[in-house]
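Chains as they are written, first to last, in my numbering: chain A, 3 to 207; chain B, 3 to 207.
Cβ coordinates follow ideal geometry from the N, Cα and C atoms, glycine included.
Predicted model only: the values in this text are computed from it and were never measured.
So the structure is just underneath, and the comments pick up after that.
There are 2 protein chains.
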Amino acid sequence: MDYSSETERKIVQAATEVFIQKGKDGARMQEIAHRAGINQALLHYYFRSKDRLYREVFKNEVSRQFRDFFNSVPVTEEMQEFLHSFIHHYIDKLHENPQLIRFILWEIGSGGENFPELFQEIFDSASKISPQSAIEKIKQAVQRNEIRQVDPYNLLFSIIGLCIYTFLAQPLLKKLFPEIDFTANEFIEKRKEEVFNLIWHGIKP
Amino acid sequence: MDYSSETERKIVQAATEVFIQKGKDGARMQEIAHRAGINQALLHYYFRSKDRLYREVFKNEVSRQFRDFFNSVPVTEEMQEFLHSFIHHYIDKLHENPQLIRFILWEIGSGGENFPELFQEIFDSASKISPQSAIEKIKQAVQRNEIRQVDPYNLLFSIIGLCIYTFLAQPLLKKLFPEIDFTANEFIEKRKEEVFNLIWHGIKP
DNA sequence: GTCTATAATAAGATAGAC
DNA sequence: GTCTATCTTATTATAGAC
């Protein structure tokens with residue numbers, strides 16, 4: 003994530019924007035070069051090929067996404083409070099870059115020519131990251147009767163899914179319900195509370 | 003959706019597969035032609051350009067998705083029963099083609115050069131389709147005290163989001179939790195019940 | 001309607017000067 | 001490190017025979 007030269011930084015910055023917006027196949031090296039304020043030759047000088055540049059960007063963004071996801075929230079013992087702050091923090095993070103999640107899900111779904119090793123790197127390098135610990139936390143809450151009997155895996159990605167879908171659906175929702183501004187801050191704030199309430203009522207004992 | 007010639011049908015069939023898997027930019031006319039058992043010249047003879055062929059496929063799939071979504075489920079008055087059968091039916095539909103939803107969300111998110119008119123067509127043509135009626139149904143259930151006070155928009159796409167995310171996340175989940183087979187039928191069955199229970203507990207009075 | 005052959009162009013990548 | 005000019009290949013699209 004830290005690059006020695008300023009040019010390198012500008013390239014990765016530009017590439018990230020273009021890849022996220024257009025996807026790997028839709029992205030054009032020319033556009034990336036242009037946005038970075040350089041030419042294609044220099045692009046290849048630094049990253050050798052589109053594929054390598056893409057891998058760099060993808061790795062950065064996925065690992066950032068996971069760091070945000072698992073670390074951005076104060077760890078509270080009590081389940082209700084934890085859930086509340088988690089949902090608020092995560093939706094805020096997603097709100098900062100609504101396109102990112104679409105990009106990641108698309109590329110992950112493209113099946114992993116490169117990805118097995120890539121995921122290895124991400125999970126190895128980020129020490130605090132642990133999907134397993136989230137599952138454990140839920141299991142314990144069930145045992146302590148803090149929440150009702152639920153499948154921990156299903157609950158975990160129900161929470162994630164509700165947060166993520168908020169932004170995945172936005173372009174469609176604008177078409178379906180033009181009377182509402184789904185990108186407005188007030189909608190996002192309301193969404194947070196509605197998601198929290200739905201889940202909390204859904205799992206409290 | 004009905005094409006005069008057999009060749010036309012085969013082309014659209016092949017194009018649908020390729021576009022869904024690779025996306026618009028990643029798809030290759032050569033591959034589509036090959037899968038349809040013809041050559042590229044004939045492809046252009048029928049559909050003139052990649053863009054037109056793509057529009058045809060996209061329109062078909064989106065409208066099919068909406069038909070399935072709004073029509074595939076028996077309309078029950080009682081909320082709990084309706085919710086249960088709706089979730090089961092919709093997850094079953096999505097399960098038939100898990101890649102489809104990723105394709106649609108990606109393309110919708112790509113922003114609508116062509117799409118405004120396209121959506122018009124879809125919603126005009128499909129008479130039974132009505133997002134508004136779903137919202138109304140929820141509002142009534144709230145008034146009748148069948149469910150607690152919730153925002154109908156948020157509830158509607160929370161339901162949709164939970165169903166959809168089941169399949170969006172699959173490739174990632176396989177990596178995160180290799181100990182579980184998320185594509186197995188038993189997982190899907192369990193998922194249906196967990197989603198229903200979460201929502202129903204989440205909204206019952 | 002369907003094919004082979006080919007044009008036209010777009011896009012990634014490199015050579016070589018500075 | 002950075003640029004201009006250029007090569008190579010992939011990809012869409014069409015011309016023209018059958």
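Short Cβ contact (8 Å threshold) for residue i with residue j
i: residue 36 of chain B; j: residue 203 of chain A; result: no
i: residue 93 of chain B; j: residue 165 of chain B; result: yes
i: residue 163 of chain B; j: residue 186 of chain A; result: no
i: residue 110 of chain B; j: residue 173 of chain A; result: yes
i: residue 75 of chain B; j: residue 65 of chain B; result: no
i: residue 28 of chain A; j: residue 4 of chain B; result: no
i: residue 102 of chain A; j: residue 58 of chain A; result: no
i: residue 184 of chain A; j: residue 175 of chain B; result: no
Environment of residue i [buried if 16+ CB atoms lie within 10 Å]
i: residue 8 of chain B; result: exposed
i: residue 136 of chain A; result: buried
i: residue 193 of chain B; result: buried
i: residue 133 of chain B; result: buried
i: residue 232 of chain A; result: Because chain A spans 3 through 207 in this model, residue 232 of chain A falls outside it and cannot be assessed.
i: residue 191 of chain A; result: exposed
i: residue 147 of chain B; result: exposed
i: residue 104 of chain A; result: buried
i: residue 112 of chain B; result: buried
Backbone CA spacing between residue i and residue j [nearest angstrom]
i: residue 95 of chain B; j: residue 168 of chain B; result: 12 Å
i: residue 24 of chain A; j: residue 77 of chain A; result: 36 Å
i: residue 206 of chain A; j: residue 157 of chain B; result: 18 Å
i: residue 73 of chain B; j: residue 121 of chain B; result: 18 Å
i: residue 143 of chain B; j: residue 182 of chain B; result: 37 Å
i: residue 50 of chain A; j: residue 201 of chain A; result: 47 Å
i: residue 12 of chain A; j: residue 100 of chain A; result: 21 Å
i: residue 2 of chain B; j: residue 14 of chain B; result: In the structure as shown, chain B begins at 3 and stops at 207. Residue 2 of chain B is therefore absent and cannot be evaluated.
i: residue 19 of chain A; j: residue 84 of chain B; result: 43 Å
i: residue 123 of chain A; j: residue 69 of chain A; result: 13 Å
i: residue 34 of chain B; j: residue 150 of chain B; result: 50 Å
i: residue 97 of chain B; j: residue 10 of chain A; result: 43 Å
i: residue 47 of chain B; j: residue 161 of chain A; result: 49 Å
i: residue 118 of chain A; j: residue 145 of chain B; result: 51 Å
i: residue 209 of chain B; j: residue 32 of chain B; result: Look at the range of chain B in this structure, 3 to 207, and you will see that residue 209 of chain B is not part of it.
Across the segment 179-195 of chain A and the segment 134-153 of chain A, are there enough close Cβ pairs to call them in contact, namely three or more that are closer than 8 Å? no
Count Cβ pairs between the segment 78-87 of chain B and the segment 54-66 of chain B that sit closer than 8 Å; are there 3 or more? no
If contact is defined by three or more beta carbon pairs under 8 Å, each pair taking one atom from either stretch, is the segment 37-48 of chain A in contact with the segment 31-47 of chain B? no
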